[in-house]
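Quick notes on the structure that follows.
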Amino acid sequence: MSCKPKNEADCKCQNAVMNAYRGLLTAGQSKEIALDAAKIVYRHYHPEDALGTVNQTVEHWVDAGQLH
Amino acid sequence: MSSLEQRCSEAGLKMTGQRRVILQILDDAVDHPSVEEVYERAKKVDDSVSIATVYRTLGLLDELDLVIRHEFQEGYSRYEVNEEHHHHLIDLETGEVVEFQNDKLEKLKEQIANELGYELVDHRLELYGKKLKSKKNGSK
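If you read the sequences in order, they're chains X and F.
For the first sequence, the residue numbers in our numbering are 364 to 431.
For the second sequence, the residue numbers in our numbering are 367 to 506.
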């Protein structure tokens with residue numbers, strides 16, 4: 364299963380991914396480190412996803428969160 | 367909230383708009399700004415910030431040990447945020463970020479670098495984990 368845009372709202376991983384990203388930024392880490400960590404959290408939920416899918420999904424969520 | 371602002375709140379420092387601006391300037395600084403430099407940068411964000419406010423705020427932060435005051439023999443002080451060295455553990459289930467410090471780990475990092483013939487200059491370490499399931503009372 365891959366966390367595609369149509370079921371993003373239902374996916375339990377999105378909160379965890381965004382919590383990790385925001386938490387690390389708040390803790391003073393760089394956006395690059397926070398993004399890497401967010402992708403690791405995503406892969407915990409979706410280990411079957413290709414790297415490209417992981418990058419695309421997490422970066423899309425981060426962009427949508429307007430945290431840059 | 368910036369990480370410095372959070373630490374100030376935890377130390378009981380009353381937060382005002384002007385103080386927030388000064389804290390953000392310090393948090394963002396990659397150099398060691400002087401009082402004048404902090405003032406110049408803060409004014410660009412909020413022109414109501416006075417140099418007296420900058421002096422007072424830096425003095426308070428110094429007292430609380432939240433900034434380090436450097437004397438570079440220039441006739442004035444320069445400041446940097448006194449970063450508490452810590453690491454992060456990320457909860458894979460929730461994304462919660464847990465900060466921790468560990469003296470053994472600090473020594474081990476130095477030791478590993480030294481044994482490989484290096485002086486440790488910098489490092490990056492994050493731990494990822496899942497919460498252990500607590501044992502029920504009476505169960506083996």
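Just so it is clear, CB atoms sit at the ideal spot from N, CA and C, and this is done for glycine as well.
Nothing here was measured: the structure is a model prediction, and the numbers come from that model.
Q: Go through its chain and collect everything with a Cβ distance to F/VAL420's Cβ below 8 Å, but skip five positions before and after it.
A: As a working note, residue 420 of chain F is residue 54 in the second sequence. Correct list, in chain order: ILE388, VAL401, VAL404, TYR405, ALA408.
Q: Would you mind giving the Cβ-Cβ distance between F/ASP393 and F/SER414, rounded to the nearest angstrom? I have them listed as a contact below 8 Å.
A: Along the second sequence, one-based indexing puts residue 393 of chain F at 27. Along the second sequence, one-based indexing puts residue 414 of chain F at 48. Incorrect: roughly 20 Å between the Cβ atoms, too far for contact.
**Q.** chain X contact residues for F/SER369, given Cβ-Cβ distances below 7 Å
**A.** Reading the second sequence from its first residue, position 3 is the one you call residue 369 of chain F. The contacting residues are THR389, ALA390, GLY391.
Q. Which of the residues in the region 449-469 of chain F, read from start to end, lie with their CB under 7 Å from any CB of chain X?
A. HIS454, ILE456, LEU458, GLU459, THR460, GLY461, GLU462, VAL463, GLU465
Q: Using the Cα positions of X/LEU388 and F/GLU481, report the straight-line distance between them to the nearest angstrom.
A: Locating residue 388 of chain X in the first sequence gives position 25, where the first residue counts as 1. Locating residue 481 of chain F in the second sequence gives position 115, where the first residue counts as 1. Going by the C-alpha atoms only, they are around 33 Å apart.
Q) Which bits of chain X does F/GLU492 rub up against, with CB to CB less than 7 Å? A) If you number the second sequence from 1, residue 492 of chain F lands on position 126. Ordered by position in chain X, the residues that pass the 7 Å Cβ test against F/GLU492 are ALA400.
Q: Under 7 Å Cβ to Cβ from X/TYR405, same chain only, skipping five residues before and after it: list those, please.
A: Within the first sequence, numbered from 1, the residue matching residue 405 of chain X stands at position 42. Cβ neighbours of X/TYR405 beyond the five flanking positions: CYS376, VAL380, VAL417, THR420, VAL421.
Q. Using a Cβ-Cβ distance under 7 Å, would X/HIS352 count as near chain F?
A. Outside the shown range of chain X (364 to 431) lies residue 352 of chain X, about which nothing can therefore be said.
**Q.** Proximity to F/GLY378 [Cα-Cα], best of F/ASP397, F/LEU430, F/ARG386, F/GLY441
**A.** What you label residue 378 of chain F is simply residue 12 of the second sequence in a count that begins at 1. Selected option, being the one with the closest Cα: F/LEU430.
Q. Should F/TYR442 go down as buried or exposed, given a rule of 16 or more other Cβ atoms within 10 Å for buried?
A. Numbered from its first residue, the second sequence carries residue 442 of chain F at position 76. Its Cβ having fewer than 16 others within 10 Å, F/TYR442 is exposed.
Q: With distances taken Cα to Cα, identify the nearest neighbour of F/GLU517 among F/GLU485, F/CYS374, F/PRO399, F/MET381.
A: There is no way to answer for residue 517 of chain F, as the model of chain F reaches only from 367 to 506.
Q.
When you compare the CB positions of F/LEU491 and F/HIS453, do they come within less than 7 Å of one another, or not?
A. Along the second sequence, one-based indexing puts residue 491 of chain F at 125. Along the second sequence, one-based indexing puts residue 453 of chain F at 87. In this structure, F/HIS453 lies closer than 7 Å to F/LEU491 by Cβ.
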